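First up is the structure itself, then whatever we jot down about it.
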């Protein structure tokens, strides 16, 4: 039984904001299916009552004072932007 | 003989006595790069102009109290996923190909600079550190200096190859599932992944934030310890960096391992590990016995689940981390987009390579509604069990020793077709990242084909000192680290 269908791969690609062609979707489906099938070996493990680990350190929230600090200038912030206009970053239209 | 055959402390002494200049060291680096990097392809971007100007400043300081930085005048290469102010930083991805003028330095780069080291250039890698062979670089695949038909390992393949080829004496890499130790093993150099939280990740382009660590690659253990001393420590800019004092690691290098208790996991010398590698590790254990250490066979029973656990967790974290590359503020924007959604999709699809796309999709899938518990949460629970294996063994032993990789380096192109075969290279290094403990790879032999083999030494959380002590004693008792590839003619 396959773990992930071509339709699901296309849906996941959309969620991740990736464009995939039909040819790519076919290839990725096969590869992802192999990887997910392999990963299902974890089902052998009895994890009843096992706490999930998100992090290996015993850290609580680390807080600092919320103070304004000099970081970068507007000019700096714009210098690597693909397109700018009037001191702002320009993007294509959001509404159709 | 190359100047880079001297260890760091000798080079410092020669500089302070004015027997050599900082500029001589840069000559050594850039001449060697011109000579061999056409074959090795370790660098993406060179920093020569800035480096030469800095060398001039430092040469004026030789022998003065100001010129006493811990890494005074030392040329170092930096993996290209570590952000460098004003110096192109690509993570070997087309999506960052045009990021020529980054706005800040990573904390480790600031620390290197404060210690008076010099950044020679940015090193090649698998795109966004996803890969085990450097074949996922969007520029070109770095080659193994011992035999350029073979891969250097990855993802810090450029960092390992540049040191092995004598282009730089030291480099920084990053390690999420073995990306420092595996290429160090394949290229016959020393590479350390510090404890999670030992080194600030600020300015490291994030792959899997709960696993990533920056660490040094060097020719010797002592040099490695000097560099970790420089880059480690608490950083306000990384809330996961630990508030634990950084010891003088070099003082731990006593050469004495009498009474050291070594654990050897049977899973690390099992099926899948080549006979040559097993034999090299067994010989290394004999060396430790002769020095007065003892070893016992132990078990890390959940080892076989590490690979699945890792790919689910690291891909999930990557899918979130790489969402920031959207073509808006910096990096590649597709010229073919007519609206915002197309701009996101086309910029990302044109900018990312296949392995990166695969992992983003795997992670998005594992985190998506209806699959979260079955995949992501299950993997987090498996991680708890894997970490406990290490905690249990390290409660009774000082270090864990085994091979770094199941086999020596493989040929370019041999494993690119099947992602799962490629992933299996990291089976012995991945558990260490999941547990968050430190691990080092040191040279421990050569295969019949003349390719290096690496010995992995794993320690307790924040006990890099014992890992270094064990590695250094072994290094002093053997001569594998003194051998060099014949690339570009013996020098």
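Chains as they are written, first to last, in my numbering: chain A, 1 to 96; chain B, 1001 to 1491. Where is the CB? At the ideal position from N, CA and C, for every residue including glycine. Being a predicted model, the structure only gives us computed values, none of them experimental.
Based on DSSP bridge pairs, tell me the residues matched to residue i.
i, result
"residue 1045 of chain B", "B:1122"
"residue 1297 of chain B", "B:1264"
"residue 1084 of chain B", "B:1087"
"residue 1339 of chain B", "A:93"
"residue 1456 of chain B", "B:1402 and B:1441"
"residue 1151 of chain B", "Looking at the DSSP assignment, residue 1151 of chain B forms no beta bridge with any residue, so it has no partner."
"residue 1218 of chain B", "B:1170 and B:1190"
"residue 1114 of chain B", "Its beta-bridge partners do not exist; DSSP assigns none."
Going by alpha carbons, who is nearest to residue i out of the options?
i, options, result
"residue 973 of chain B", "B:1449, B:1403 and B:1427", "In the structure as shown, chain B begins at 1001 and stops at 1491. Residue 973 of chain B is therefore absent and cannot be evaluated."
"residue 1068 of chain B", "B:1042, B:1013, B:1032 and B:1040", "B:1013"
"residue 1231 of chain B", "B:1297, B:1001 and B:1070", "B:1070"
"residue 1422 of chain B", "B:1434, B:1409 and B:1433", "B:1409"
"residue 1072 of chain B", "B:1412, B:1226 and B:1121", "B:1226"
"residue 1310 of chain B", "A:36, A:92, A:48 and A:8", "A:36"
"residue 1095 of chain B", "B:1412, B:1450 and B:1350", "B:1350"
"residue 1059 of chain B", "B:1032, B:1090 and B:1026", "B:1026"
"residue 1028 of chain B", "B:1040, B:1005 and B:1379", "B:1005"
"residue 1492 of chain B", "B:1461, B:1405, B:1304 and B:1288", "Residue 1492 of chain B lies beyond the range of chain B shown here (1001 to 1491); nothing can be said about it."
"residue 1177 of chain B", "B:1153, B:1159, B:1211 and B:1187", "B:1211"
"residue 1468 of chain B", "B:1399, B:1158 and B:1057", "B:1399"
"residue 1098 of chain B", "B:1114, B:1022 and B:1331", "B:1331"
"residue 1425 of chain B", "B:1485, B:1413 and B:1132", "B:1132"
"residue 1145 of chain B", "B:1157, B:1380, B:1127 and B:1090", "B:1157"
"residue 17 of chain A", "B:1482, B:1430 and B:1358", "B:1358"
"residue 1297 of chain B", "B:1270, B:1336 and B:1275", "B:1270"
"residue 1313 of chain B", "B:1153, B:1080 and B:1378", "B:1378"
"residue 1063 of chain B", "B:1032, B:1057, B:1017 and B:1092", "B:1017"
"residue 1204 of chain B", "B:1082, B:1272 and B:1233", "B:1082"
"residue 44 of chain A", "B:1362, B:1370, B:1381 and B:1325", "B:1381"
"residue 1482 of chain B", "B:1164, B:1371, B:1338 and B:1268", "B:1164"
"residue 1457 of chain B", "B:1439, B:1464, B:1420 and B:1476", "B:1439"
Given residue i, which residues of its chain have a CB within under 7 Å of its CB, disregarding the five upstream and five downstream residues?
i, result
"residue 1007 of chain B", "1220, 1222 and 1223"
"residue 1479 of chain B", "none"
"residue 1149 of chain B", "1411 and 1412"
Establish whether the CB of residue i and some CB of chain A are separated by less than 8 Å.
i, result
"residue 1197 of chain B", "yes"
"residue 1490 of chain B", "Residue placement at residue 1490 of chain B is poorly supported in this model, since its pLDDT is 48, which falls under 50; the coordinates are not used for a value here."
"residue 1339 of chain B", "yes"
"residue 1432 of chain B", "no"
"residue 1387 of chain B", "yes"
"residue 1105 of chain B", "no"
"residue 1375 of chain B", "yes"
"residue 1345 of chain B", "yes"
"residue 1205 of chain B", "no"
Between residue i and chain B, is the shortest Cβ-Cβ distance under 8 Å, so that the two count as touching?
i, result
"residue 2 of chain A", "no"
"residue 120 of chain A", "Residue 120 of chain A cannot be examined here, being either before or after the span of chain A that is shown, 1 to 96."
"residue 82 of chain A", "yes"
"residue 57 of chain A", "yes"
"residue 92 of chain A", "yes"
"residue 34 of chain A", "yes"
"residue 70 of chain A", "no"
"residue 60 of chain A", "no"
"residue 65 of chain A", "no"
"residue 86 of chain A", "no"
"residue 19 of chain A", "yes"
"residue 30 of chain A", "no"
"residue 76 of chain A", "yes"
"residue 25 of chain A", "no"
Quick one: residues in its chain with C-beta nearer than 6 Å to the C-beta of residue i, no 5 flanking neighbours on either side, listed in chain order?
i, result
"residue 1491 of chain B", "In this prediction, residue 1491 of chain B has a pLDDT of 47, which is less than 50 and means its spatial position is unreliable; what the coordinates show is noted afterwards. Excluding sequence neighbours, residue 1491 of chain B sits near 1002."
"residue 1046 of chain B", "1121"
"residue 9 of chain A", "25, 28 and 29"
"residue 1460 of chain B", "1394"
"residue 1274 of chain B", "1407"
"residue 1191 of chain B", "1180, 1181, 1184, 1217 and 1441"
"residue 1229 of chain B", "1249"
"residue 1032 of chain B", "1166 and 1167"
Counting only the same chain and skipping the five closest in sequence on each side, list residues whose C-beta sits under 8 Å from that of residue i.
i, result
"residue 33 of chain A", "2, 3 and 4"
"residue 1085 of chain B", "1102, 1103, 1104, 1105 and 1109"
"residue 1127 of chain B", "1091, 1092, 1093, 1136, 1137, 1138, 1352, 1353, 1355 and 1356"
"residue 1055 of chain B", "1021, 1022, 1023, 1025, 1026, 1073 and 1118"
Measuring only from the beta carbon, is residue i closer than 7 Å to any heavy atom that is part of the ligand FMN?
i, result
"residue 1252 of chain B", "With respect to the ligand FMN, the structure shown offers nothing to examine, as it has no ligands at all."
When the cut-off is 8 Å and only beta carbons count, does residue i lie next to chain C?
i, result
"residue 1393 of chain B", "Chain labels in this structure do not include chain C; the protein chains are A and B."
message = Taking contact to mean 3 or more Cβ pairs, one atom from each stretch, closer than 8 Å, check whether the stretch 1201 to 1220 of chain B and the stretch 1155 to 1169 of chain B are in contact.
response = Enough Cβ pairs lie closer than 8 Å, so yes.
- request: Would you be able to state if there are at least three C-beta pairs under 8 Å between the stretch 1192 to 1206 of chain B and the stretch 1036 to 1047 of chain B?
  value: Taking 8 Å as the limit for Cβ pairs, the verdict is that the stretch 1192 to 1206 of chain B does not touch the stretch 1036 to 1047 of chain B.
* **the stretch 1284 to 1299 of chain B touching the stretch 1253 to 1262 of chain B, judged by at least three CB pairs closer than 8 Å** => Inter-segment contact for the stretch 1284 to 1299 of chain B and the stretch 1253 to 1262 of chain B is present: three or more beta-carbon pairs are separated by less than 8 Å.
(Q) Quick test of the definition: if touching needs 3 or more C-beta pairs under 8 Å, does the stretch 1185 to 1194 of chain B touch the stretch 1446 to 1461 of chain B? (A) Segments in contact, yes.
- Give a yes or no on contact between the stretch 1124 to 1141 of chain B and the stretch 1242 to 1253 of chain B, applying the rule of three or more CB pairs nearer than 8 Å. Under the Cβ criterion (8 Å, minimum of three pairs), the stretch 1124 to 1141 of chain B does not count as touching the stretch 1242 to 1253 of chain B.
* Are at least three pairs of beta-carbons, each pair with one atom in the stretch 1382 to 1393 of chain B and one in the stretch 1429 to 1443 of chain B, less than 8 Å apart? -> Under the 8 Å Cβ criterion, the stretch 1382 to 1393 of chain B counts as touching the stretch 1429 to 1443 of chain B, having at least three qualifying pairs.
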